[in-house]
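Novice: Just passing along the structure, written as structure tokens.
2 protein chains.
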Amino acid sequence: MHDPLISVPGYSLRRAANATGAELSARLAPLGLRQSVVSVLILIGANPGVTASAIGRQLDIQRANMAPLLKRLEDAGLIKRLPLDGKSLGLDLTGDGQDKLKQARAVIDDFEAEILSRIPAEHRAHFLPALEALWR
Amino acid sequence: MHDPLISVPGYSLRRAANATGAELSARLAPLGLRQSVVSVLILIGANPGVTASAIGRQLDIQRANMAPLLKRLEDAGLIKRLPLDGKSLGLDLTGDGQDKLKQARAVIDDFEAEILSRIPAEHRAHFLPALEALWR
DNA sequence: TATTGTTATACTCTATAACTATA
DNA sequence: TATAGTTATAGAGTATAACAATA
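Taken in order, these protein sequences are the chains called A and B.
For the first sequence, my numbering assigns the number 4 to the initial residue and increments by one for each residue that follows.
For the second sequence, my numbering assigns the number 4 to the initial residue and increments by one for each residue that follows.
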């Protein structure tokens, strides 16, 4: 079939993101984690005491969608929430949360290295700078 | 906030795809079109008489999800379906469908040129080859 | 007055299963 | 036996609106 789409950068960008995203999700599933959850755990781990609103702004996740996500993490014993003042809650990883994050990081590190290895060497160093120009 | 994610290619890929996808969707909305619909129209336009199943395979859209999408296109008068044999239907654009596709193409061509222009010149030629290595 | 956290809700996209009819 | 088209359905992701409490 003739397919004019395969030479369209925006389309290829979407397909590449879908393909790699699906693969990563499959690798994270055995840990009981999704990509959005892992990104939240990473940010909490790197910024102890951070608020849900601050994480949402950084990751482009609406406040309204952070609430149930954090509730599941708390119920699973991966994070704890401590009042910073009367209206804000500081987020921290529990011991279990740190262990889980460590496992997720191993999966992700492997996966990212694999992604880069699939890109021909002469294009590899250009990949991240090109992507960052499109959203940062 | 400290954010270890911004230097992770897979994460950056997802964010870049989301950002550009949202922007393109906003530009297609005035035409009453979504990205998936436009990609289907493009394939039908380039392959008159193609079947729904063949398009689904090419675009990674499930047969079950093609059905309502094509029904809406037919109800909107943009495509017509003619029996190829007892079980297959050939898809073709109507005159209105060709007009709509032409409008969509103008939007997309502008958008793709703009995307490429945002990527620093020294990285630009490496972008599509790198993406294609990840999904083709 | 703006922000935080929360609930409820709706819409899109996508995935699976099941069915009929035909190649 | 495999394929085409269809329907129904469920899950995930995401968006908006509204509310109470606090900065």
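Every residue, glycine too, gets a C-beta built ideally from N, C-alpha and C.
To which residues does DSSP link V53 (chain B) through a beta bridge?
Specialist: In DSSP, V53 (chain B) forms a bridge with B:L94.
Novice: If we ignore side chains and look at the alpha-carbon of each, how far apart do V11 (chain A) and D99 (chain A) end up?
Specialist: Near 44 Å, if we compare the C-alpha coordinates of D99 (chain A) and V11 (chain A).
Novice: So if I threshold CB-CB distances at 7 Å, which residues from the region 38-69 of chain A count as touching chain B?
Specialist: Taking 7 Å as the Cβ-Cβ cut-off against chain B, the residues of the region 38-69 of chain A that qualify are S42, I45, L46, A49, N50, V53, A57, Q61.
Novice: Which chain B residues sit within Cβ distance under 8 Å of D6 (chain A)?
Specialist: Near D6 (chain A) (Cβ distances below 8 Å), the residues of chain B are L46, A49, Q61.
Novice: Taking only the alpha-carbon atoms, compute the straight-line gap between L119 (chain A) and R66 (chain A) and give it to the nearest angstrom.
Specialist: When rounded, the distance between both Cα atoms is 33 Å.
Novice: Can we say the region 70-80 of chain B touches the region 113-128 of chain B, given the rule of at least three CB pairs closer than 8 Å?
Specialist: Verdict: no, contact absent.
Novice: Taking the alpha-carbon positions, what's the R37 (chain B) to L31 (chain B) distance?
Specialist: Between R37 (chain B) and L31 (chain B), the C-alpha separation is close to 6 Å.
Novice: Given 7 Å as the limit, tell me if E117 (chain A) has its C-beta closer than that to any heavy atom belonging to the ligand SAM.
Specialist: Among the ligands in the structure shown, none appear at all, so the ligand SAM cannot be discussed.
Novice: Anyone know if the C-beta pair for L27 (chain A) and G24 (chain B) falls short of 8 Å?
Specialist: No, the Cβ-Cβ distance between L27 (chain A) and G24 (chain B) is not below 8 Å.
Novice: Cα-Cα, which of A:L62, A:S15, A:S56, A:L8 is closest to D6 (chain B)?
Specialist: The candidate whose alpha carbon is nearest that of D6 (chain B) is A:L62.
Novice: Report all residues from its chain with a CB closer than 8 Å to the CB of L87 (chain B); omit the five preceding and five following residues, and keep chain order.
Specialist: Only G52, T54, G93 meet the Cβ criterion.
Novice: I'd like to know whether the C-beta atoms of D95 (chain A) and L81 (chain A) end up nearer to each other than 8 Å.
Specialist: Result no, Cβ atoms of D95 (chain A) and L81 (chain A) do not sit closer than 8 Å.
Novice: Of the residues B:R127, B:A22, B:V41, which one's Cα is nearest the Cα of D102 (chain B)?
Specialist: The shortest Cα separation from D102 (chain B) among B:R127, B:A22, B:V41 belongs to B:V41.
Novice: Could you have a look at R84 (chain A) and say whether DSSP puts it in helix, strand or coil?
Specialist: Strand.
Novice: Would you say E135 (chain A) faces chain B, with C-beta separation under 8 Å as the test?
Specialist: Yes - at least one Cβ of chain B is within 8 Å of the one on E135 (chain A).
Novice: Is there a C-beta anywhere in chain B that falls below 8 Å from the one on V11 (chain A)?
Specialist: So yes, V11 (chain A) belongs to the interface.
Novice: Should A22 (chain B) be flagged as near chain A, meaning a C-beta pair shorter than 8 Å?
Specialist: Chain A, which has a Cβ nearer than 8 Å to the Cβ of A22 (chain B), makes this yes.
Novice: What number of angstroms, rounded off, separates the C-alpha of A20 (chain B) from the C-alpha of T97 (chain B)?
Specialist: If I take the Cα positions, the gap works out to 31 Å.
Novice: If the cut-off is 9 Å on Cβ atoms, which residues from the region 71-95 of chain B count as contacting chain A, listed in chain order?
Specialist: Answer set for the region 71-95 of chain B: empty.
Novice: Identify whether H129 (chain A) lies in helix, strand or coil by the three-state DSSP scheme.
Specialist: In the structure shown, H129 (chain A) sits in a helix (DSSP, three-state: H, G or I).
Novice: Starting from L2 (chain A), trace the alpha helix (DSSP H) both ways and give me its first and last residue.
Specialist: It is not possible to answer for residue 2 (chain A), since the shown part of chain A is limited to 4 through 139.
Novice: Quick check on the burial criterion: 16 or more other C-beta atoms within 10 angstroms. Buried or exposed for N68 (chain B)?
Specialist: Exposed: under 16 other Cβ atoms inside 10 Å.
Novice: Output yes or no for whether 8 Å exceeds the beta carbon distance between W138 (chain B) and A22 (chain A).
Specialist: Contact: yes.
Novice: Got a sec, what are the start and stop residues for the alpha helix (DSSP H) A79 (chain B) sits in?
Specialist: Here A79 (chain B) belongs to no alpha helix (DSSP H), and DSSP marks it neither H nor E.
Novice: How is I47 (chain B) classed by DSSP in three states: helix, strand or coil?
Specialist: Looking at I47 (chain B) - three-state DSSP - the assignment turns out to be helix.
Novice: What would DSSP say about M69 (chain A), mapped onto helix, strand or coil?
Specialist: Note: M69 (chain A) maps to helix in three-state DSSP.
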